[in-house]
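Residue numbers (numbering that gives the first Met the number 0), protein chains in the order written: chain Z, 0 to 69; chain G, 0 to 251. A virtual CB, placed ideally from N, CA and C, is assigned to each residue, including glycine. The structure presented is a predicted model; accordingly, all values stated were derived computationally and were not measured. Structure record follows, encoded as structure tokens.
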Amino acid sequence: MNKLTFRTDNCKGCGLCVDVCPKGVLALAEDVINKKGHHPVTAVKPDLCIACAFCATMCPDCIIEVEKGV
Amino acid sequence: MVVFKKPHALSDVPLHYCPGCTHGIVHRLVAEVIDELGIEGKTVGIAPVGCSVMAYNYFECDMIEAAHGRAPAVATGVKRANPDNIVFTYQGDGDLASIGTAETVHSAARNENITVIFINNAIYGMTGGQMAPTSLPGQVTQTSPYGRDVNLCGYPVKICEMLAQLDGPEYLERVTVNSVKQIKNAKRAIKKAFQNQIDGKGFSLVEVISSCPTNWGMTPQAALKWIDEKMIPYYPLGVYKDRSAEKKEAEQ
Numbered sequence: 000m001n002k003l004t005f006r007t008d009n010c011k012g013c014g015l016c017v018d019v020c021p022k023g024v025l026a027l028a029e030d031v032i033n034k035k036g037h038h039p040v041t042a043v044k045p046d047l048c049i050a051c052a053f054c055a056t057m058c059p060d061c062i063i064e065v066e067k068g069v
Numbered sequence: 000m001v002v003f004k005k006p007h008a009l010s011d012v013p014l015h016y017c018p019g020c021t022h023g024i025v026h027r028l029v030a031e032v033i034d035e036l037g038i039e040g041k042t043v044g045i046a047p048v049g050c051s052v053m054a055y056n057y058f059e060c061d062m063i064e065a066a067h068g069r070a071p072a073v074a075t076g077v078k079r080a081n082p083d084n085i086v087f088t089y090q091g092d093g094d095l096a097s098i099g100t101a102e103t104v105h106s107a108a109r110n111e112n113i114t115v116i117f118i119n120n121a122i123y124g125m126t127g128g129q130m131a132p133t134s135l136p137g138q139v140t141q142t143s144p145y146g147r148d149v150n151l152c153g154y155p156v157k158i159c160e161m162l163a164q165l166d167g168p169e170y171l172e173r174v175t176v177n178s179v180k181q182i183k184n185a186k187r188a189i190k191k192a193f194q195n196q197i198d199g200k201g202f203s204l205v206e207v208i209s210s211c212p213t214n215w216g217m218t219p220q221a222a223l224k225w226i227d228e229k230m231i232p233y234y235p236l237g238v239y240k241d242r243s244a245e246k247k248e249a250e251q
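Structure below.
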């Protein structure tokens, strides 16, 4: 099982991570607003994550941590 | 096993950049390179004026804020006074290609042993989206609402091509960060630019074609596409000068 951890309060909701995820794991949480006033990213299908870290590579705010096989 | 985490050289301070701005990606790449080369303790960064004016908050190494455009001059002083330090400047196009052109050209001509990270997003970001020296012909900005007229405003400055004419600089490369593949390539270039300085080879500049979704008036996704469609045809990616590689080739 792979694990994604988000520093949610730093997310600006740009959605670049959502676009690069090859498995459609991520989405912006439309019903949540973080401290900065954005809809933060969340893992909607965490089971599909293959820990490629494309999302974390693309994230301009470095809010994603990726762990493999935990 | 942790596959990806925030590099140590990048501080915990939340970045002030707009959503989707690629400044954050380049900050992280620089921090990753500092981590990988193990030089955090002796690195000195020079922050510019522009959107990245507060870059000194985001790196854990020592930072100095330079006057507008003068980062290469400050870096020259720091490097010459403390040759053991690793000195890098982080500048935008308003800083490096406009007010600081003289410092850039002459530090390159002198082959100062520094690393320059140059963010080219074809617009003045911090001041609200005015035309920059790097704005494309026909590009709509706040001060060119009908598109940049080259008969009135002249043509964009191509820094890598311009500096490549000099005999001084060691390494010039233009990269972009609009996809995962390009980000990995950009990291390789930035790492080489730092390694060149450690090896004492001289002036290394990496130009990063970046996006400015806010002032281009686009979504972050559309801005990344615009880089591919409009900016890269005008600013072709690639290595413009690599003297060590040229020397090696000549020897063979």
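Output the residue ranges of the beta strand (DSSP E) runs that lie fully inside the segment 71-144 of chain G and measure 3 residues or longer, sorted by chain position. The segment 71-144 of chain G contains these whole beta strand (DSSP E) runs: 85-91 and 114-119.
Can you grab the Cα-Cα spacing for the pair glycine 44 of chain G / methionine 161 of chain G, in whole Å? Distance between the alpha carbons of glycine 44 of chain G and methionine 161 of chain G is about 25 Å.
Quick one: residues in its chain with C-beta nearer than 6 Å to the C-beta of asparagine 1 of chain Z, no 5 flanking neighbours on either side, listed in chain order? Answer for asparagine 1 of chain Z: Cys48, Ala50 and Lys67, listed in chain order.
Chain G beta carbons: is any one of them nearer than 8 Å to that of proline 59 of chain Z? Residue contact check for proline 59 of chain Z against chain G: a CB pair falls below 8 Å.
Can you list, in chain order, the residues of its chain whose CB lies under 7 Å from that of cysteine 13 of chain Z, leaving out five sequence neighbours each side? Taken in chain order, the residues that qualify are Pro59.
Interface flag, alanine 42 of chain Z vs chain G, CB-CB below 8 Å: Using a Cβ-Cβ cut-off of 8 Å, alanine 42 of chain Z does not count as an interface residue toward chain G, since no Cβ of chain G sits closer than that to its own.
For threonine 21 of chain G, which residues of its own chain have a beta-carbon under 7 Å away from its beta-carbon, when the five flanking residues on both sides are left out? Taken in chain order, the residues that qualify are Val176, Ser209 and Ser210.
Compute the Euclidean distance between the alpha carbons of aspartate 46 of chain Z and valine 24 of chain Z, then round it to the nearest angstrom. Cα-Cα distance, rounded: 8 Å.
With 8 Å as the C-beta to C-beta threshold (strictly closer), list the residues of the segment 13-29 of chain Z near chain G in chain order. Here the close residues are Cys13, Gly14, Leu15, Asp18 and Val19.
What span of residues does the alpha helix (DSSP H) with threonine 42 of chain G cover, start to end? Careful: threonine 42 of chain G lies outside any alpha helix (DSSP H), inside the beta strand (DSSP E) at 42-46.
Applying a beta-carbon distance threshold of less than 9 Å, which residues of chain Z neighbour valine 29 of chain G? Ordered by position in chain Z, no residue passes the 9 Å Cβ test against valine 29 of chain G, which lies about 12 Å from the chain.
Would the segment 3-18 of chain G and the segment 190-207 of chain G be scored as touching if the rule is three or more Cβ pairs under 8 Å? Contact annotation: the segment 3-18 of chain G does not touch the segment 190-207 of chain G, with fewer than three C-beta pairs closer than 8 Å.
Might you give, ordered along the chain, the residues of its own chain that have their beta carbon closer than 6 Å to the beta carbon of alanine 96 of chain G, omitting 5 neighbours on each side? Taken in chain order, the residues that qualify are Pro132, Thr133, Val156 and Ile158.
List, in chain order, every chain G residue whose beta-carbon is nearer than 7 Å to that of glycine 68 of chain Z. Within chain G, the residues near glycine 68 of chain Z are Met0.
Alanine 221 of chain G, enclosing alpha helix (DSSP H) - first and last residue: Its alpha helix (DSSP H) spans residues 219-225.
Taking only beta-carbon positions, decide if leucine 9 of chain G is within less than 8 Å of chain Z. Yes - at least one Cβ of chain Z is within 8 Å of the one on leucine 9 of chain G.
Counting only C-beta atoms, is threonine 21 of chain G closer than 8 Å to chain Z at any point? Yes, contact with chain Z.
C-alpha gap between glutamate 39 of chain G and proline 82 of chain G, whole angstroms: C-alpha separation (whole angstroms): 15 Å.
Excluding the 5 residues preceding and the 5 following phenylalanine 202 of chain G in the sequence, name in chain order all residues of the same chain whose CB lies nearer than 6 Å to its CB. Excluding residues up to 5 positions away in sequence, Ala107, Asn110, Glu111, Pro168 and Glu169 lie with their Cβ nearer than 6 Å to the Cβ of phenylalanine 202 of chain G in the same chain.
Using a Cβ cut-off of 8 Å (strictly closer), state whether asparagine 9 of chain Z contacts chain G. The beta carbon of asparagine 9 of chain Z sits closer than 8 Å to some beta carbon of chain G.
Is there a Cβ of chain Z sitting closer than 8 Å to that of glutamine 181 of chain G, yes or no? Chain Z contact via Cβ: absent.
Between the segment 224-237 of chain G and the segment 87-106 of chain G, are three or more C-beta pairs nearer than 8 Å? Remark: fewer than three beta-carbon pairs, one from each stretch, lie closer than 8 Å, so the segment 224-237 of chain G and the segment 87-106 of chain G are not flagged as touching.
Three-way DSSP call (helix, strand, coil) for phenylalanine 193 of chain G in this model: Note: phenylalanine 193 of chain G maps to helix in three-state DSSP.
Less than 8 Å between C-beta atoms, sequence neighbours within five positions excluded: which residues of the same chain meet that for tyrosine 154 of chain G? If you ignore the 5 residues before and after tyrosine 154 of chain G, its C-beta comes within less than 8 Å of the C-beta of Pro136, all in its own chain and listed in chain order.
With distances taken Cα to Cα, identify the nearest neighbour of leucine 15 of chain Z among Z/Glu64, Z/Thr56, Z/Thr7 and Z/Ile32. Minimum Cα-Cα distance from leucine 15 of chain Z among the listed residues Z/Glu64, Z/Thr56, Z/Thr7 and Z/Ile32 corresponds to Z/Thr56.
Which residues in the same chain have their Cβ closer than 7 Å to the Cβ of lysine 240 of chain G, if we skip the five residues on either side of it in sequence? Answer for lysine 240 of chain G: Ala163, Pro168, Tyr170 and Leu171, listed in chain order.
So, does the CB of tyrosine 145 of chain G fall closer than 8 Å to a CB anywhere in chain Z? For tyrosine 145 of chain G, no Cβ of chain Z is located within less than 8 Å of the residue's own Cβ.
Rounded C-alpha distance that separates lysine 180 of chain G from threonine 142 of chain G: Going by C-alpha positions, lysine 180 of chain G is about 34 Å away from threonine 142 of chain G.
In its own chain, which residues sit with a C-beta less than 7 Å from the C-beta of alanine 26 of chain Z, not counting the 5 before and 5 after it? So the list reads Val17, Thr41 and Val43, once near-sequence residues are dropped.
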